[in-house]
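First up is the structure itself, then whatever we jot down about it.
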Ligand code: ZN
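In my numbering, the protein residues as written are 443 to 633.
Pasting the structure below:
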């Protein structure tokens, strides 16, 4: 069942999270939690969800970027963001092992800062190691929008929200973004 997503200010979003053992991952309680996280992410809808967002201080994230989510973007916007659909997958105990120094800036939102977005700089390319829901090792090389989603969700496991990383002057409501800024490039917005 879809859960309530905690909003910024809730202490659970800032708490340290626990790693899971293979035994715990395969346990019914965790499998049920993973299922519920997927349902919650899809109901929102969002492209990622971390366990602390539903009040579980555990190192679990779920990610899915469905083709229909980027339908409203133009071809050019998809290209510049390097946004491609990402199938549903689950990452447990994820760790960023490499981060490219080059950063890219785009508007980013979060299910825990409902109604607001801001420009957030993120590394363009990263490498991640994690376990999946079967406790198998996975190595990921990601770039573009997928790398952004991974950095955002892994931040949640460390009690970090995108508002900690944003350019404060770019924080805005989604209606205001749509009305005034969505047609502009990020460098134009920053000017
Ligand atoms: Zn978030």
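Beta carbons: idealized from backbone N, C-alpha and C, even for Gly.
{"query": "Does the Cβ-Cβ distance between residue 588 and residue 534 come in under 8 Å?", "result": "no"}
{"query": "What residues come near ligand 1, if near means a beta carbon less than 7 Å from any of its heavy atoms?", "result": "490, 492, 495, 552, 553, 554, 594, 595, 598, 603 and 604"}
{"query": "Determine the burial state of residue 536: buried for a count of at least 16 other Cβ atoms within 10 Å of its Cβ, exposed for fewer.", "result": "buried"}
{"query": "Excluding the five sequence neighbours on either side, which residues of its own chain have a C-beta within less than 6 Å of the C-beta of residue 607, listed in chain order?", "result": "562"}
{"query": "Mind checking who residue 550 pairs with in its DSSP beta bridge?", "result": "560"}
{"query": "How far does the alpha helix (DSSP H) with residue 630 in it extend, from its first residue to its last?", "result": "628-632"}
{"query": "Are the beta-carbon atoms belonging to residue 482 and residue 467 less than 8 Å from one another?", "result": "no"}
{"query": "May I ask you to report which of helix, strand or coil DSSP gives residue 543?", "result": "coil"}
{"query": "Could you tell me whether the region 615-625 touches the region 564-571, using the rule of 3 or more Cβ pairs below 8 Å?", "result": "no"}
{"query": "Cα separation between residue 515 and residue 602?", "result": "28 Å"}
{"query": "Taking the straight line between their C-alpha atoms, what separation do you get for residue 455 and residue 465?", "result": "25 Å"}
{"query": "Are the CB atoms of residue 604 and residue 543 nearer to each other than 8 Å?", "result": "no"}
{"query": "Alpha carbon to alpha carbon, what distance is there between residue 485 and residue 553?", "result": "11 Å"}
{"query": "Which whole-angstrom value is the C-beta distance of residue 460 and residue 491, which I expect to be below 8 Å?", "result": "Wrong, their Cβ atoms sit about 17 Å apart, outside the cutoff."}
{"query": "Using CA coordinates, which residue listed in 446, 453, 474 and 538 is at the minimum distance from residue 575?", "result": "474"}
{"query": "Go ahead and pull the three-state DSSP assignment for residue 618.", "result": "helix"}
{"query": "For ligand 3, any of its heavy atoms closer than 7 Å to the Cβ of residue 595?", "result": "Annotation note on ligand 3: not contained in the displayed structure, which lists ligand 1 as its ligands."}
{"query": "Residues in the same chain with beta-carbon distance under 6 Å from residue 609, minus the five sequence neighbours each way, listed in chain order, please.", "result": "561"}
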